[in-house]
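Chains as they are written, first to last, in the working numbering: chain A, 1 to 525; chain B, 526 to 619; chain C, 620 to 775; chain D, 776 to 893.
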Amino acid sequence: MDTFVMRHLPALLIAVPLLAAFLMPIVGGAGRVVRNAWVVLGALATSAVGLALAWKVLAAGTVLYVFGAAAPHVPLPMDSGGIPIRIIFQVDALSALMVVIASLSSLGITIYSLAAESRQSGLETFYAMLFLLVAGVLGMVSTGDLFNFFVFLEISSLAGAALVAYRVDNGVAVEAGLKYALLSTLGALAVLTAIGILIGQYNALNLATLASRMQFTTLDKIALVLLAVPLAMKCGAVPMHFWTPDAYATAPSSVTAFLVVSSQASLYGLFRILFSLYGDLVHFSWATFGWFLIVLGVLSMFVGVTMAIPQKDVKRLMAYHAVSQTGYMLLGVGVGLAVLGNADALAQYGKTAMAGGLFHIINHAMYKGLLFLTAGAVFYRTGTRNLNKLGGLGHDMPWTMVFFMIGALAIAGVPPFNGFASKLLIYESVFRFSPFLSIVAMIVSILTLASFVKVFHSMFLGPRRAEFAAVREVPVPMLAGMALLAVFVVAAGLAPQPFVDRLIQPAVEALVDRAGYIAAILGGN
Amino acid sequence: MRHVLFSAILLLFFGGLMYLAADLPFGDPPRTDMDDYFLRTAQEQTGANNVVTSIVFDFRGFDTLGEATVLFTAVLGVGMMFRKLKEGEEYEND
Amino acid sequence: MKMTKIVRTTADLFFPFCLVFGLYVVVHGHLTPGGGFQGGAVMATGTALLLVARAYDDVTGRIRKGAMKVCEAAGLLIFLCAGFSGLFAGRPFMANWIARDGALFRTAIAHGPNAGDLNTAGLLPLLNFGVGIEVLGGLTVILLYMLSGIKEEKKK
Amino acid sequence: MTSRLLLALPFFTVVVLIVLGLAVMLSKRNVVKILMGLSLMESAVNLFLVATGYRHDSVAPIYTNVPAGPMALPTVQALTLTSIVIGVATSAMLLSFAMVIYRKYGTTDIQKIKKLKG
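What follows is the structure, encoded as structure tokens:
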């Protein structure tokens with residue numbers, strides 16, 4: 001049994017959540033307990049398959065899986081003259097990192113949502129949609145086929161938009177869902193046009209084949225713009241971040257925690273396009289695109305945190321902080337891309353900058369997810385997200401307060417937690433690249449700390465308020481979900497080195513090694 | 526001001542895409558090796574006369590699974606929007 | 620929103636033929652242009668025709684939402700189980716493992732134009748049928764939901 | 776220049792349709808009209824996808840009683856099929872969102888749908 005499952009892991013990675021989603025309407029009819037059991041079973045199975053796949057990739061190198069061929073590991077059929085013709089999943093170390101993030105986060109938020117959404121109606125549809133969002137994100141990060149990436153991008157956009165509009169909230173959530181879906185569909189259309197340009201010229205859909213045939217004609221530059229702009233928009237980079245606060249604030253808290261991972265999957269797509277598809281050192285002007293990411297990053301950092309200070313809705317405040325933290329990832333990887341050309345600068349600080357950026361992706365997914373879950377816990381008990389109306393909850397909700405402190409200190413980059421580990425990597429490497437950027441990053445970090453101290457004070461400290469007399473700690477599933485994420489936040493903070501060596505360093509090597517990415521499919525089978 | 530901005534975006538788009546229209550050769554695609562493989566082997570490998578259906582369901586069947594999922598997502602989404610809400614479920618945005 | 624008697628009777632008369640033609644397009648998907656999605660869409664136009672011709676209430680008797688949801692879930696599960704069957708035949712997910720060796724849906728055909736033999740193409744007819752049902756059920760359920768939305772709007 | 780345009784007429788129509796769709800989306804205020812502009816752009820992109828796969832005087836890639844002649848490229852047609860179904864799915868969902876917003880807000884004017892603060 002073990003070899004059978006291990007051999008077909010990439011297929012099960014998508015098939016299990018889809019099966020869970022398709023059977024949900026039927027299982028849902030059989031009552032609450034059966035439905036919750038099915039949801040927990042599906043979430044555990046998906047996370048187990050995801051972590052097993054990531055472990056297999058980190059142990060044995062890139063995993064290839066060809067759908068529908070004679071054998072799972074043979075990318076090039078004998079009579080095809082050396083071109084891959086089917087859909088191939090190429091899970092390298094970078095995809096494995098993203099699969100780990102999606103697996104951990106989806107397990108935590110599904111357990112959390114068992115209690116958090118128990119008062120809502122239409123829960124079968126909610127859980128089916130959640131499984132589809134998880135399947136869409138897992139597909140986006142592990143596929144090696146450009147059109148397959150578009151299909152999974154569309155699944156996660158539609159499922160995300162429907163989940164944002166789930167609570168309806170007298171039309172406010174539906175408005176946020178409509179705007180998110182409209183922007184995502186426009187972005188997907190641009191990606192589809194770029195696919196049309198690439199297949200019109202190179203008659204290939206596999207990312208490795210396209211990369212090997214890329215000649216950087218003007219059409220390819222138009223295709224690059226049509227690919228990079230929508231993906232940057234969907235990961236919440238500043239000039240196009242308007243949908244993020246609305247969508248994150250009105251979605252149910254467990255969904256918001258996973259929308260963070262879904263936008264990081266778009267960030268992964270942006271890096272995959274820039275590094276693996278277009279990253280050829282001779283033609284590709286890596287300096288300009290490095291600075292494109294850096295400018296995007298610095299803008300996101302600064303605008304995000306300055307817009308966050310005046311907010312009084314706690315989830316909208318956290319959404320702006322999510323935009324500003326995305327800036328750190330863009331800055332880290334942007335510095336790496338900017339020095340991709342000269343080898344010594346890359347060896348000195350380029351790789352550490354990218355390691356910092358990638359490490360920040362997983363850290364941010366964990367502590368931002370934790371913060372959104374604590375905001376959801378407060379909303380579950382008090383029924384409001386308005387900071388002016390909250391206060392004195394620390395007395396009755398001690399665990400939520402502890403989890404909020406862990407998340408807030410982590411996002412501000414305070415030492416014992418994981419935020420500090422990745423931000424330190426970014427500070428020291430970006431400082432060698434250009435001191436000004438590093439100082440901006442530090443200032444933004446201090447502003448983040450200030451903002452979260454204010455939120456902590458207005459939510460948990462102060463005298464116990466009369467209207468919250470009946471407030472007590474949240475049910476166990478919510479605490480379990482938060483604990484799962486908090487354990488990672490503390491563990492990665494206290495001992496970051498094993499995480500960096502085992503998970504992040506191979507991902508950086510995989511991202512930079514374009515020739516290896518192509519050789520895995522075209523080189524030899 | 527709004528109209529100037531929008532017309533600027535439209536002109537930019539029009540110019541970029543006009544180049545695209547003029548540059549991509551219509552009628553004789555530069556490379557056709559993958560498609561020739563499909564045309565050559567579809568009948569023998571999948572047994573279907575309609576090569577497009579053999580691609581949709583056999584060579585790239587996984588895309589079609591994703592696409593059926595997209596349709597299923599849309600149906601769930603529409604169902605979610607028109608469900609009967611319990612009273613007090615909606616949070617009044619203060 | 621009830622049409623005149625003439626429109627209603629012709630719609631009732633035309634509905635079965637629409638379904639049969641849609642089924643024809645689905646079943647012959649691997650021979651003639653068409654397939655699961657196109658055939659399902661043709662069948663869904665049949666049900667849409669009924670919904671337009673008749674008022675919402677007396678249509679829900681004939682096209683029940685529950686039946687259409689089962690239709691849709693069944694189509695999806697046929698598709699997914701066909702994918703899983705590839706795994707148990709020792710080949711990767713979504714493999715067309717019953718093509719080309721003789722029995723039901725398996726007669727091999729040579730390269731080149733031919734008159735088209737229905738008993739070919741391995742899993743394709745099954746997948747076509749699954750997707751056809753799913754599109755029929757899905758589109759009809761969307762129409763029924765939207766009509767129920769309009770009906771509620773009128774009541775207010 | 777003109778000879779190339781006449782030669783690449785489908786691509787020229789694609790560009791015109793995309794710009795028209797974008798113009799509708801940017802100028803109209805009614806949500807339903809914006810969605811119409813969106814589906815216009817979707818059909819334009821589908822036309823672009825199919826047009827990249829055409830060979831001069833080629834026939835459809837179906838071997839049942841096919842006349843002699845080169846065959847059009849089948850992959851792009853498969854992609855267009857997927858893209859059309861995705862277009863139907865997104866339009867259905869966006870329209871249902873617009874219907875609920877009309878019921879709750881009483882308006883379909885995109886400027887007035889602003890209860891969400893910036």
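Even glycine gets a Cβ: it sits at the ideal position worked out from N, Cα and C.
| Asked | Found |
| --- | --- |
| Figure out for me which residue from C/I682, C/G735, C/A734 has the closest Cα to the Cα of C/G756. | C/I682 |
| Leaving out five residues on either side along the sequence, give the residues of the same chain with a beta carbon under 8 Å from the beta carbon of C/R710. | W716 |
| Distance check for D/R830 and D/T850, CA to CA, integer angstroms please. | 13 Å |
| Using 8 Å as the cut-off, can you tell me whether the stretch 322 to 337 of chain A makes contact with the stretch 285 to 298 of chain A, which would need three or more C-beta pairs spanning the two stretches below that distance? | yes |
| Listed in chain order, which residues of the stretch 858 to 881 of chain D have Cβ atoms closer than 8 Å to some Cβ of chain B? | V860, I861, V863, A864, T865, A867, M868, S871, F872, M874, V875 |
| Based on Cα-Cα distance, which residue from B/Q570, B/E592, B/G602, B/L564 lies nearest to D/A835? | B/L564 |
| Cβ closer than 8 Å: which chain A residues qualify as neighbours of B/M605? | G122, T125, F126, M129, A162, A165, Y166 |
| Please list, in chain order, all residues of the same chain as A/M6 whose beta carbon is under 8 Å from its beta carbon, the five residues on each side excluded. | A52, K56 |
| List the residues of chain B whose Cβ lies closer than 9 Å to the Cβ of C/G654, in chain order. | N575, V577, T578, V581, F582 |
| Provide the residue span of the beta strand (DSSP E) that contains A/F89, from first to last. | 88 to 91 |
| Please tell me whether D/I793 and D/A819 are closer than 8 Å, where the distance is taken between their beta carbons. | yes |
| Check the Cβ of D/G844 against every Cβ in chain B and list those closer than 9 Å, keeping chain order. | In chain order: nothing, as chain B lies at least about 12 Å away. |
| A/Y427 lies in the alpha helix (DSSP H); which residues open and close that run? | 418 to 433 |
| Helix, strand or coil for D/M846? Go by DSSP, reduced to three states. | strand |
| To be precise: take each residue of the stretch 67 to 78 of chain A, compare its Cβ to all Cβ atoms of chain C, and keep it if any distance is under 8 Å. Which residues remain? | F67, G68, A69, A70, A71, P72 |
| What are the complete beta strand (DSSP E) segments, minimum 3 residues, inside the stretch 32 to 100 of chain A? | 63 to 66, 88 to 91 |
| Find out if the Cβ-Cβ distance for the pair A/I541, A/F417 is shorter than 8 Å. | One cannot answer for residue 541 of chain A here, as it falls past the ends of chain A, which runs 1 to 525. |
| Using a Cβ-Cβ distance cut-off of 8 Å, determine whether D/L856 contacts chain C. | yes |
| Which chain A residues are close to D/V820, counting only those with a beta carbon under 8 Å from its beta carbon? | L189, L192, T193, G196 |
| Give me the Cβ distance between A/F271 and A/L393, rounded to the nearest whole Å; I'm assuming they're in contact under 8 Å. | Contact doesn't hold; Cβ gap of about 39 Å is too wide. |
| Contact between the stretch 83 to 90 of chain A and the stretch 580 to 590 of chain B is defined here as three or more beta-carbon pairs at a separation below 8 Å; is this criterion met? | yes |
| Compare the C-beta of A/F89 against all C-beta atoms of chain D and say whether one is closer than 8 Å. | no |
| Taking only beta-carbon atoms, is D/L824 less than 8 Å away from chain A? | yes |
| Quick one: which chain B residues come within Cβ less than 8 Å of A/V151? | D588, G591, E592, V595 |
| Counting only beta-carbon atoms, is A/I85 nearer than 8 Å to chain C? | no |
| Is there a Cβ of chain A sitting closer than 8 Å to that of D/M816, yes or no? | yes |
| On the DSSP letters alone, give me the boundaries of the alpha helix (DSSP H) that A/Y248 sits inside. | 243 to 250 |
| Anything in the stretch 779 to 801 of chain D with a Cβ closer than 7 Å to a Cβ of chain E? List those residues in chain order, please. | Absence of chain E from the displayed structure is noted, the protein chains being A, B, C and D. |
| Would A/F292 count as contacting chain B if we go by Cβ distances under 8 Å? | no |
| Can A/L210 and A/L146 be called in contact, C-beta distance under 8 Å? | yes |
| Classify C/I628 as buried or exposed, calling it buried when 16 or more other Cβ atoms lie within 10 Å of its own Cβ. | Sequence inspection shows Thr at residue 628 of chain C; the Ile mentioned does not correspond to that position. Exposed, because fewer than 16 other Cβ atoms sit within 10 Å of the Cβ of C/T628. |
| Mind checking the stretch 552 to 571 of chain B against chain A and listing, in chain order, the residues whose C-beta falls within less than 8 Å of any C-beta there? | P554, P555, R556, T557, D558, M559, D560, Y562, F563, T566 |
| Give the secondary structure of C/I625 by DSSP, where H, G and I count as helix, E and B as strand, and everything else as coil. | helix |
| Excluding sequence positions up to five away, which residues of its chain have a Cβ less than 8 Å from the Cβ of C/Y675? | M620, L766, S767, I769, K770 |
| Have a look at C/A686, C/L743, C/L638 and flag the residue whose alpha-carbon is nearest the alpha-carbon of C/T780. | Residue 780 of chain C cannot be examined here, being either before or after the span of chain C that is shown, 620 to 775. |
| Give every residue of the same chain whose Cβ lies closer than 6 Å to the Cβ of A/V530, excluding the five residues on either side of it in the sequence, and list them in chain order. | Chain A is shown from 1 up to 525; residue 530 of chain A falls before or after that span and cannot be answered. |
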